[in-house]
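Asks: Got a structure for you, written out below as structure tokens; questions coming shortly.
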Ligand code: CDP
Ligand code: CDP
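Numbering (the working numbering), first residue to last: 215 to 442.
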């Protein structure tokens with residue numbers, strides 16, 4: 215019998231987490247949960263209300279007023295804040311450049327982590343973010359820490375932007391990624407860090423398909439060990 219597992223994928227910005235997590239979930243018929251989208255959705259809602267993003271009580275008041283939800287969709291799942299579809303809006307540069315400020319607020323993390331744990335309780339799950347293996351699903355059977363050189367990650371984001379018709383210089387993207395990684399890795403609450411029992415996967419020279427195959431192989435090994 216193959217039990218449904220929890221698969222936690224963490225790592226820095228643009229390492230390929232959401233792309234591979236989605237494909238792994240599809241292959242295993244598990245649920246996929248993009249936790250970054252939750253922090254982004256709250257950031258967008260707070261920005262729309264023109265709130266100081268360092269003001270934790272004010273940001274928590276916004277969080278209390280909204281419901282963040284997902285609907286399955288192709289090529290990506292849709293993200294909603296209440297009834298408003300925000301799938302594209304949460305990827306805009308101003309949200310990207312402010313999200314780490316909101317994500318550093320301890321009270322915000324506490325509530326979003328609870329929400330994420332409820333989603334995970336439903337069965338087989340692939341969840342990606344920054345603190346999944348360390349804080350959200352500390353008992354996940356499979357933990358992956360996905361990395362790639364910063365130059366490669368900036369190049370990937372650059373290519374993705376060009377596909378979408380956005381033309382931000384490569385050097386600017388690399389700097390934005392470095393600033394966000396630094397904020398995410400140095401915050402006091404649940405900083406981005408590799409869990410002790412996570413497998414490090416360096417994707418710098420790997421294709422998406424190769425990374426997916428690697429994670430599926432690690433998961434299959436784990437299943438075998440659990441069935442012994
Ligand atoms: O996809 P990308 O790497 O650009 O980022 P994301 O996964 O959408 O996450 C956006 C931001 O949310 C991160 O830079 C973190 O500040 C925050 N985040 C977090 O703190 N914890 C998570 N579990 C997921 C995201
Ligand atoms: O979620 P995260 O920020 O870690 O990264 P992503 O949004 O999944 O991936 C960033 C970009 O890198 C996407 O355009 C992917 O198609 C691309 N990618 C790649 O070229 N090679 C990989 N091995 C993984 C992702």
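Note that the Cβ used here is the ideal one computed from N, Cα and C, for glycine as well.
In angstroms with no decimal places, state the Cα-to-Cα distance between residue 218 and residue 235.
Replies: Each residue's Cα considered, the two are about 15 angstroms apart.
Asks: When you compare the CB positions of residue 327 and residue 256, do they come within less than 7 angstroms of one another, or not?
Replies: Contact: no.
Asks: With DSSP as the reference, label residue 324 as helix, strand or coil.
Replies: Of the three classes helix, strand and coil, the one that applies to residue 324 here is helix, per DSSP.
Asks: I think residue 398 touches residue 314, with their Cβ atoms under 8 angstroms apart; what is that distance to the nearest whole Å?
Replies: Contact flag correct, Cβ pair sits at about 6 angstroms.
Asks: With distances taken Cα to Cα, identify the nearest neighbour of residue 298 among 262, 330 and 288.
Replies: Among 262, 330 and 288, the Cα nearest to that of residue 298 belongs to 262.
Asks: Just to check, is the beta-carbon of residue 314 closer than 6 angstroms to a non-hydrogen atom of ligand 1?
Replies: Correct: residue 314 has its Cβ closer than 6 angstroms to ligand 1.
Asks: Check the C-beta distance from residue 425 over to residue 417 and give it rounded, since I have them as a contact under 8 angstroms.
Replies: The pair is a contact, with the Cβ atoms about 5 angstroms apart (cut-off 8 angstroms).
Asks: For residue 320, which residues of its own chain have a beta-carbon under 8 angstroms away from its beta-carbon, when the five flanking residues on both sides are left out?
Replies: Result list for residue 320: 270, 402 and 403, in chain order.
Asks: When we look at the beta-carbon of residue 221 and count the other beta-carbons within 10 Å, is it buried (16 or more) or exposed?
Replies: Residue 221 comes out buried.
Asks: Grab the span of the beta strand (DSSP E) containing residue 343 for me, first residue to last.
Replies: Residues 339-343.
Asks: First and last residue of the alpha helix (DSSP H) that includes residue 253?
Replies: Residues 249-262.
Asks: Would residue 258 pass as a contact of residue 304 if the rule is Cβ separation under 7 angstroms?
Replies: Their beta carbons are under 7 angstroms apart, which means residue 258 touches residue 304 by this criterion.
Asks: On a Cα-Cα basis, can you pick out the residue from 307, 290, 253 and 291 that is closest to residue 276?
Replies: Here the closest residue by C-alpha is 253.
Asks: With a threshold of 6 angstroms, establish whether the CB of residue 376 neighbours any heavy atom of ligand 2.
Replies: No - ligand 2 has no heavy atom lying nearer than 6 angstroms to the Cβ of residue 376.
Asks: Just checking: is the beta-carbon of residue 429 within a distance shorter than 7 angstroms of some beta-carbon in chain C?
Replies: Protein chain content of the structure displayed is limited to a single chain, and chain C is not contained in it.
Asks: Can you tell me the Cα-Cα spacing of residue 434 and residue 311, whole angstroms?
Replies: Spanning the two alpha carbons is a distance of roughly 37 angstroms.
Asks: Less than 7 angstroms between the beta carbons of residue 370 and residue 228, yes or no?
Replies: Yes.
Asks: Tell me the rounded alpha-carbon separation between residue 350 and residue 368.
Replies: If you take the alpha carbons of residue 350 and residue 368, they lie about 27 angstroms apart.
Asks: Just to confirm the assignment, what range does the alpha helix (DSSP H) spanning residue 395 have?
Replies: Here the alpha helix (DSSP H) through residue 395 covers 384-400.
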